[in-house]
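Student:
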Amino acid sequence: MQVDIFLKKKLHNLSFILLLGTAVLGAIILTEYDVAKGFSSVPAAIQWALSNFYPDSESMEKFPDIFEKLVETVLISVAATTSGAALALLFAIAGSSTTQFNRFLGQVSRTIATVFRNIDMAVWSMILLFSFGQSAFTGYFALFFGSFGFLTRAFIESIDEVGDSSVEALRATGAGYFSIIFQSVIPSSISQMISWILFMIETNIRSATLIGILTGTGIGFAFSMYYKSLDYNAASLVVLVIVAAIFIIEWVSNYVRRVIL
Amino acid sequence: MTTLLELKNVSKYYSKDIAALSNIHFSIEEGEFVSVIGPSGAGKSTLLRCINRMIEASSGEVVFNGTNIRKLGRKGLRETRTQIGMIFQHYNLVTRLTVIENVLHGRLGYKSAVAGMLGIYSQEEKQQAIRLLEELGLSQHMYKRVDQLSGGQKQRVGIARALIQNPKMLLCDEPIASLDPGSSKIIMDHIKNISASYKITCLVNLHQVDVALKYSDRIIGVNKGEVVFNGKPSELTTDMIHKIYGSETGDLIFEAGERNAG
């Protein structure tokens with residue numbers, strides 16, 4: 029019997045690999061993709077990047093301009109995340125099974141959060157382009173909606189993870205709903221929530237670059253502008269500045285996490 | 164002696180045919196120390212929680228200090244809960260807050276929504292918290308975070324939180340089930356002392372028959388949601404213990420015959 033189980037597992041794995049292989053092969057044939065050409069053009073791409081895609085002295089003159097756009101992007105990301113977090117906290121309290129007012133409202137707030145979470149930020153920005161046009165507002169709201177949806181989910185998890193033991197204890201003392209939320213639920217889960225907010229800020233700065241290309245604002249716009257005007261040196265400087273900014277933000281948020289957790 | 168708590172035909176059904184409690188009927192005098200024993204799943208925790216309505220009973224009456232708790236509205240229930248302190252097996256403290264903050268949580272039942280939200284406590288309440296912590300031997304740990312304490316210390320914080328309510332009664336849900344024998348003795352001694360010196364009625368769920376025999380004025384045995392024994396420790400025979408636990412001679416880690424040896 030035992031031998032059978034192992035044989036079965038091997039056959040199972042083998043058939044999965046075969047299936048995957050067929051899918052890849054089928055896709056290559058259908059799209060008429062030339063595998064050999066695809067790989068052989070990689071060295072050429074690297075060569076092009078090395079000879080064109082680096083900041084030179086001329087592009088360094090544009091640094092103050094780029095830096096200003098970077099600051100704008102970072103600030104919008106932080107603003108969208110923190111305001112989204114405030115709204116998410118309300119929805120998370122209403123949506124967590126430990127703290128919900130009643131079952132119906134809990135379900136409603138979880139559903140709203142799911143809808144907002146499952147629409148990608150890039151999609152949000154394209155929808156919002158109609159209302160706000162190419163302005164910083166579009167980017168802000170796209171990030172705000174995305175952050176709100178994700179953070180609601182994350183905050184619900186944080187509240188559930190802490191459990192309802194201290195909530196039960198405070199209910200037993202006769203404490204009211206708001207006393208319980210502010211004296212037990214929030215103090216227990218706040219550090220986890222701050223950690224999620226920091227994560228969201230990091231993610232949003234990355235997304236903001238892409239959204240900026242769509243909405244014509246911030247650092248993303250600077251990149252697409254230089255890139256389209258064939259100023260590859262300046263475009264590469266934008267990329268380096270973004271990478272540096274993300275490194276710094278990550279370092280800061282890791283430090284904050286270490287202190288609070 | 165006056166009756167403080169009376170349960171009349173209290174039943175609890177979690178689903179239609181399975182009774183967690185059926186027709187529970189007993190009363191407790193003021194100042195009494197009563198233990199509830201019985202196997203896991205017999206309904207001890209449910210019984211305790213039906214008293215302060217952390218769990219709603221399906222039928223029956225729970226009369227506490229002259230009022231039927233089951234008929235109370237939201238406000239009345241909150242007021243009654245302030246009169247009943249509760250102690251838990253897993254302490255149920257807010258572990259990221261300090262000891263004294265957790266003790267003061269016991270006063271939240273007396274506060275308005277705003278004062279409770281902001282955690283505004285009077286000087287008197289803070290002094291009472293300090294006094295209680297000194298009494299329970301925790302004065303050195305007052306400003307420590309609860310997650311730095313040992314299990315026994317955490318349970319003492321739980322006791323202080325219940326006492327600062329100035330309760331008429333304490334409900335203790337297996338207060339020593341997660342503690343080592345040394346800490347268990349300290350906790351049981353504290354609860355017994357409190358009961359005697361503050362004249363607080365205690366209803367304690369226990370797993371340890373020997374502990375129940377040693378500390379209680381009266382023991383209530385519960386099996387499958389029914390009270391099968393209600394009497395003095397001296398009346399609890401070996402046969403009765405086996406009836407409560409649904410066991411045969413030699414099946415239990417504790418044998419009633421040994422009880423006079425300790």
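Line by line, the protein sequences give chains A and B.
Read left to right, the first sequence gives residues 29 to 289 (this note's numbering).
Read left to right, the second sequence gives residues 164 to 425 (this note's numbering).
Cβ atoms here follow ideal geometry from the backbone N, Cα and C, with glycine treated the same way.
Bear in mind the structure is a predicted one, so any value in this text is a computation, not a measurement.
#1: Pick out the complete beta strand (DSSP E) segments inside the stretch 199-272 of chain B, 3 residues or longer, and give them in chain order.
#2: Are there 16 or more other CB atoms within 10 angstroms of the CB of V262 (chain B), so buried, or fewer, so exposed?
#3: Please determine if the stretch 185-198 of chain B and the stretch 371-385 of chain B are in contact, where contact requires at least 3 C-beta pairs separated by less than 8 Å.
#4: Roughly how many whole angstroms lie between the Cα atoms of G425 (chain B) and N255 (chain B)?
#5: Can you tell me whether G161 (chain A) is helix, strand or coil according to DSSP?
#6: If the cut is a Cβ gap below 9 Å, which residues of chain A does S276 (chain B) touch?
#7: Which residues, taken in chain order from the stretch 172-197 of chain A, show a beta carbon closer than 8 Å to some beta carbon of chain B?
#8: If you measure beta-carbon to beta-carbon, which residues of the stretch 211-241 of chain B are closer than 7 Å to chain A?
#9: Near I288 (chain A), which residues of its chain fall below 8 Å by C-beta distance, leaving aside the five closest residues on each side in sequence?
#10: Quick check on the DSSP output: the beta strand (DSSP E) that includes E389 (chain B) runs from which residue to which?
#11: Could you check the C-alpha separation between V390 (chain B) and L179 (chain A) for me, to the nearest Å?
#12: Just the C-alpha distance for I45 (chain A) and N130 (chain A), rounded to the nearest angstrom, thanks.
#13: Tell me which residues of the stretch 247-270 of chain B have at least one Cβ-Cβ distance to chain A shorter than 7 Å, keeping chain order.
#14: Comparing alpha-carbon positions, which option in A:L242, A:L226, A:I239 and A:Y255 lies nearest Y283 (chain A)?
#15: Just to check my reading of the structure: G244 (chain A) and A236 (chain A) have Cβ atoms closer than 8 Å, yes? What is that Cβ distance to the nearest angstrom?
#16: Assuming contact is defined by CB atoms lying nearer than 8 Å, are I94 (chain A) and V266 (chain A) in contact in what I supplied?
#17: Assuming contact is defined by CB atoms lying nearer than 8 Å, are L115 (chain A) and F67 (chain A) in contact in what I supplied?
#18: Quick check: is any heavy atom of the ligand HEM less than 7 Å from the C-beta of F81 (chain A)?
#19: Quick one, are the C-beta atoms of M305 (chain B) and A200 (chain A) less than 8 Å apart?
#20: Provide the residue(s) that pair with A505 (chain B) in DSSP beta bridges, ordered along the chain.
#21: Which parts of the stretch 185-270 of chain A are runs of the alpha helix (DSSP H), unbroken and 4 residues or longer, counting only runs that do not cross its ends?
#22: In terms of residue numbering, what span does the beta strand (DSSP E) encompassing M332 (chain B) cover?
#23: Taking the Cβ atom as the reference point for each residue, do L260 (chain B) and V309 (chain B) lie within a distance shorter than 8 Å?
#24: Enumerate in chain order the residues of its own chain whose CB-to-CB distance from S185 (chain B) is below 7 Å, with the five nearest sequence positions on each side excluded.
#25: Assign T230 (chain B) to one of two classes, buried (16 or more other C-beta atoms within 10 Å of its C-beta) or exposed (fewer than that).
#26: Given this structure, state the Cα-to-Cα distance separating T59 (chain A) from V52 (chain A), to the nearest angstrom.
#27: On the CB-based measure, 16 or more other CB atoms within 10 Å of its CB, does K331 (chain B) come out buried or exposed?
#28: In the DSSP output, which residue or residues are listed as bridge partners for K171 (chain B)?
#29: In chain order, what residues of the stretch 292-317 of chain B put their CB closer than 8 Å to some CB of chain A?
#30: Would you call the CB atoms of G394 (chain B) and Q328 (chain B) closer than 8 Å?
#31: Use the C-beta contact count for V316 (chain A): other C-beta atoms within 10 angstroms, 16 or more gives buried, fewer gives exposed.
#32: Opposite F196 (chain B) in the DSSP bridges: which residues?
#33: Between A182 (chain B) and chain A, is the shortest Cβ-Cβ distance under 8 Å, so that the two count as touching?
#34: Could you tell me whether any Cβ in chain A is nearer than 8 Å to the Cβ of T245 (chain B)?
#35: Closest by CA to K317 (chain B), which one among B:N265, B:G279, B:K274 and B:I293?
#36: So the beta strand (DSSP E) E381 (chain B) belongs to, where does it begin and stop?
Tutor: On the basis of the supplied data:
#1: 222-227 and 247-250
#2: buried
#3: yes
#4: Low confidence applies here, because G425 (chain B) scores a pLDDT of 36, under 50, leaving its location unreliable; read the following figure in that light. If I take the Cα positions, the gap works out to 32 Å.
#5: coil
#6: The sequence as given places Ala at residue 276 (chain B); Ser does not occur at that position. The answer, in chain order, is G204, Y205, F206 and S207.
#7: S193, S194, E196 and A197
#8: N215, M217 and R241
#9: S219, I222 and S223
#10: E389 to G394
#11: 49 Å
#12: 48 Å
#13: M249, F251, H253, N255, L256, V257, R259, L260, H268 and G269
#14: A:L226
#15: With 8 Å as the limit, G244 (chain A) and A236 (chain A) do not qualify as a contact, their Cβ atoms being about 13 Å apart.
#16: yes
#17: no
#18: The ligand content of the structure shown is nil, which means the ligand HEM is not present either.
#19: no
#20: This structure gives no information on residue 505 (chain B), because the portion of chain B shown stretches from 164 to 425.
#21: 193-200, 205-208, 214-243 and 246-256
#22: M332 to D336
#23: yes
#24: S174, G388 and E389
#25: exposed
#26: 11 Å
#27: buried
#28: B:E224
#29: none
#30: no
#31: Given a span of 29 to 289 for chain A in the structure shown, any question on residue 316 (chain A) remains unanswerable.
#32: B:C365
#33: no
#34: yes
#35: B:N265
#36: It should be pointed out that residue 381 (chain B) corresponds to Arg in this sequence rather than to Glu. First-last of the beta strand (DSSP E) with R381 (chain B): R381 to N386.
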